[in-house]
Amino acid sequence: MLDAVLALASAVECLLEGISFSHDVGVPPVVGGLLGVPAGASLLLRRRWPVAVVLVSIATTPAEMGFLLGVVGLYTLAASEVPRRITVVLSAASLAGTLVVALARFHQDTAEDGYHPGLWAMIIFSVVMALGLTAPPVLLGLYVGARRRLVESLRERADGLERELSLLADRAEERAVWARNEERTRIAREMHDVVAHRVSLMVVHAAALQAVALKDPEKASKNAGLVGDMGRQALTELREMLGVLRTAPDGAAAPPQPVAAQSERLAAVAAVAAARVRVAAGGPAPDAGDGGPALDGLEDLVGQSRAAGMTVELTAQGEERSYAPDVEQTAYRVVQEALTNVHKHAPGAKTVVRLAHRDAEVALQVENGPPDGGADAGLRLPSGGNGLVGMEERVKALGGVFVSGPTDAGGFRVSAVIPDRR
3 MLDAVLALAS AVECLLEGIS FSHDVGVPPV VGGLLGVPAG ASLLLRRRWP
53 VAVVLVSIAT TPAEMGFLLG VVGLYTLAAS EVPRRITVVL SAASLAGTLV
103 VALARFHQDT AEDGYHPGLW AMIIFSVVMA LGLTAPPVLL GLYVGARRRL
153 VESLRERADG LERELSLLAD RAEERAVWAR NEERTRIARE MHDVVAHRVS
203 LMVVHAAALQ AVALKDPEKA SKNAGLVGDM GRQALTELRE MLGVLRTAPD
253 GAAAPPQPVA AQSERLAAVA AVAAARVRVA AGGPAPDAGD GGPALDGLED
303 LVGQSRAAGM TVELTAQGEE RSYAPDVEQT AYRVVQEALT NVHKHAPGAK
353 TVVRLAHRDA EVALQVENGP PDGGADAGLR LPSGGNGLVG MEERVKALGG
403 VFVSGPTDAG GFRVSAVIPD RR
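Residues 3 to 424 in my numbering are what the sequence shown lists, from first letter to last.
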């Protein structure tokens, strides 16, 4: 709408100025009008072809027409994305044309009036008029163009930041979901290790208690005591793990929550999963111990299996030393789960637990022979198939190597090498 109004005004101006120019040069007025109307109407195309509009205004300068056409054309050219060198060249050409026409017209008018102001006065007057018609629209156009580009760049930057923030929010949500899943997996693995091992021993002792209850009351009493000890140890470890879920992030005890809300409480322990991820990525292991099992508890662990009737031999090589808490806990859990598997799948089999202390790693191996054919098949316990998977996940999370498989003698071997990430 603005361009149409400007083009109409420019066409009317050029029509009147063309008629006046026709009288001065002695041509029919209709010729000047026919030339002035399309020249002024070309302003309608100023946004698409600003260079062409300025060229038309320069071409009509000798006819002293197109004042509005020249001013608006120079402004549009300076504010557009046309290369600056073209803007400078066309502005200089328009300035030069206006200066020459103004000088000639001023000289003609003063000669007709019989007034002779002098050459310098005419030059100064012509320069001021040329600059007044050329410089303001060019400078205003440069300012508006620069401001427009600045606003566009700020808008693009804001859009980019908004997209980046949206992407970061999506990634944060994905990481939160991943951390919750990792923590659920870790807690499930811990509970599997604790419950499977303790309950396996309790079942073995309960079966032995049932077998000797009438024949040997003293031995039955001893087995009953072992079952009670196993149950208390399992409950203690379960309370420790569940206590993590019931503890608020600031360390205060959280109020009881419904079961449906307990899953959301796992977000409070996402920091634990993040620390474990740092360990798996090569970062330092956490310094604070969590009171979990360690390598110095292997003797008691093996002793519990021996008390359940299993023949277990424990050997250690190298100078005994301490490792990072996660390393010791993982090594303990691997031995614990391997002994649990022997209870489940090879009752009565002789088992050897080997531990090797090295400078930058700890190596361990649990190997059992073939199952004792005389063992009661009813003692074999159900398995969920997650034991070996959990051991492998634990070891690989710390950058270690885990290998398991049957032996040539008909038994089973579990081997792990865990680097010390202290």
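Ideal placement from N, C-alpha and C gives every residue a C-beta, glycine not left out.
How would you write the range of the alpha helix (DSSP H) that residue i sits in, first residue to last?
{"i": "T78", "result": "F69 to A81"}
{"i": "L341", "result": "P327 to H347"}
{"i": "A318", "result": "Unbroken run through A318 is the beta strand (DSSP E), V314 to Q319; no alpha helix (DSSP H)."}
{"i": "D302", "result": "L300 to A309"}
Would you call residue i buried or exposed, if buried means 16 or more other Cβ atoms sit within 10 Å of its Cβ?
{"i": "D328", "result": "buried"}
{"i": "R48", "result": "buried"}
{"i": "N183", "result": "exposed"}
{"i": "G134", "result": "exposed"}
{"i": "V73", "result": "buried"}
{"i": "T332", "result": "buried"}
{"i": "A13", "result": "buried"}
{"i": "G20", "result": "buried"}
{"i": "A94", "result": "exposed"}
{"i": "P2", "result": "With the chain running from 3 to 424 in the structure shown, residue 2 is simply not present."}
{"i": "I126", "result": "exposed"}
{"i": "R396", "result": "buried"}
{"i": "P295", "result": "buried"}
{"i": "L400", "result": "buried"}
{"i": "P40", "result": "exposed"}
{"i": "Q306", "result": "buried"}
{"i": "R165", "result": "exposed"}
{"i": "L79", "result": "buried"}
{"i": "G68", "result": "buried"}
{"i": "R159", "result": "exposed"}
{"i": "G162", "result": "exposed"}
{"i": "V181", "result": "Note on residue identity: the sequence assigns Ala, not Val, to residue 181. Its Cβ being crowded by 16 or more others within 10 Å, A181 is buried."}
{"i": "P402", "result": "Strictly speaking, residue 402 in this sequence is Gly, with Pro absent from that position. Label assigned to G402: buried."}
Kindly give me the distance between the Cβ atoms of residue i and residue j, rounded to whole angstroms, as I take these residues to be in contact under 8 angstroms.
{"i": "P64", "j": "V91", "result": "At roughly 19 angstroms, the Cβ-Cβ gap does not stay under 8 angstroms, so P64 and V91 are not in contact."}
{"i": "R308", "j": "V314", "result": "5 angstroms"}
{"i": "A310", "j": "P372", "result": "At roughly 19 angstroms, the Cβ-Cβ gap does not stay under 8 angstroms, so A310 and P372 are not in contact."}
{"i": "L45", "j": "L97", "result": "Not really, about 20 angstroms apart at Cβ, beyond 8 angstroms."}
{"i": "S128", "j": "F108", "result": "6 angstroms"}
{"i": "G99", "j": "L71", "result": "Not a contact, Cβ separation roughly 13 angstroms."}
{"i": "A423", "j": "Q367", "result": "What sits at residue 423 in the sequence shown is Arg, not Ala. Their Cβ separation, rounded to whole angstroms, is 21 angstroms, which puts R423 and Q367 out of contact at 8 angstroms."}
{"i": "L76", "j": "T136", "result": "6 angstroms"}
Based on DSSP bridge pairs, tell me the residues matched to residue i.
{"i": "F414", "result": "N370 and P408"}
{"i": "A365", "result": "A358 and V419"}
{"i": "V29", "result": "Answer is none; V29 lacks a bridge partner."}
{"i": "T353", "result": "V314 and N370"}
{"i": "V140", "result": "Partner(s): none; V140 has no beta bridge."}
{"i": "V39", "result": "V39 pairs with nothing; no bridge assigned."}
{"i": "V403", "result": "V419"}
In whole angstroms, what separates the C-alpha of residue i from that of residue j?
{"i": "K398", "j": "R356", "result": "20 angstroms"}
{"i": "S59", "j": "A174", "result": "59 angstroms"}
{"i": "E176", "j": "E239", "result": "31 angstroms"}
{"i": "T187", "j": "G392", "result": "9 angstroms"}
{"i": "A106", "j": "L4", "result": "34 angstroms"}
{"i": "M204", "j": "Y334", "result": "19 angstroms"}
{"i": "Y145", "j": "T89", "result": "14 angstroms"}
{"i": "T317", "j": "V354", "result": "8 angstroms"}
{"i": "S406", "j": "V337", "result": "12 angstroms"}
{"i": "G413", "j": "A340", "result": "12 angstroms"}
{"i": "E192", "j": "V229", "result": "21 angstroms"}
{"i": "V206", "j": "Q235", "result": "16 angstroms"}
{"i": "G35", "j": "A6", "result": "19 angstroms"}
{"i": "L101", "j": "V153", "result": "36 angstroms"}
{"i": "S202", "j": "F404", "result": "24 angstroms"}
{"i": "A190", "j": "A178", "result": "18 angstroms"}
{"i": "K221", "j": "P408", "result": "35 angstroms"}
{"i": "V32", "j": "G143", "result": "35 angstroms"}
{"i": "A11", "j": "A123", "result": "33 angstroms"}
{"i": "D302", "j": "S168", "result": "53 angstroms"}
{"i": "H359", "j": "G299", "result": "15 angstroms"}
{"i": "H199", "j": "I420", "result": "22 angstroms"}
{"i": "V304", "j": "L297", "result": "11 angstroms"}
{"i": "R151", "j": "E394", "result": "58 angstroms"}
{"i": "P288", "j": "A208", "result": "Below a pLDDT of 50, predicted positions are generally treated as unreliable, and P288, at 39, falls in that range; the measurement from the model is reported next regardless. Each residue's alpha carbon lies about 39 angstroms from the other."}
{"i": "P349", "j": "A326", "result": "33 angstroms"}
{"i": "M312", "j": "A365", "result": "23 angstroms"}
{"i": "S417", "j": "G227", "result": "33 angstroms"}
{"i": "S155", "j": "G147", "result": "12 angstroms"}
{"i": "N343", "j": "G389", "result": "8 angstroms"}
May I ask which residues mark the beginning and end of the beta strand (DSSP E) holding residue i?
{"i": "A54", "result": "Segment P52 to A61 is the alpha helix (DSSP H) holding A54; no beta strand (DSSP E) there."}
{"i": "L390", "result": "Element bounds for L390: not the beta strand (DSSP E) but the alpha helix (DSSP H), G389 to A399."}
Hey, would you say the C-beta of residue i is under 7 angstroms away from at least one heavy atom of the ligand ATP?
{"i": "E322", "result": "Of the ligands one can find in the structure shown there are none, so the ligand ATP has no counterpart to examine."}
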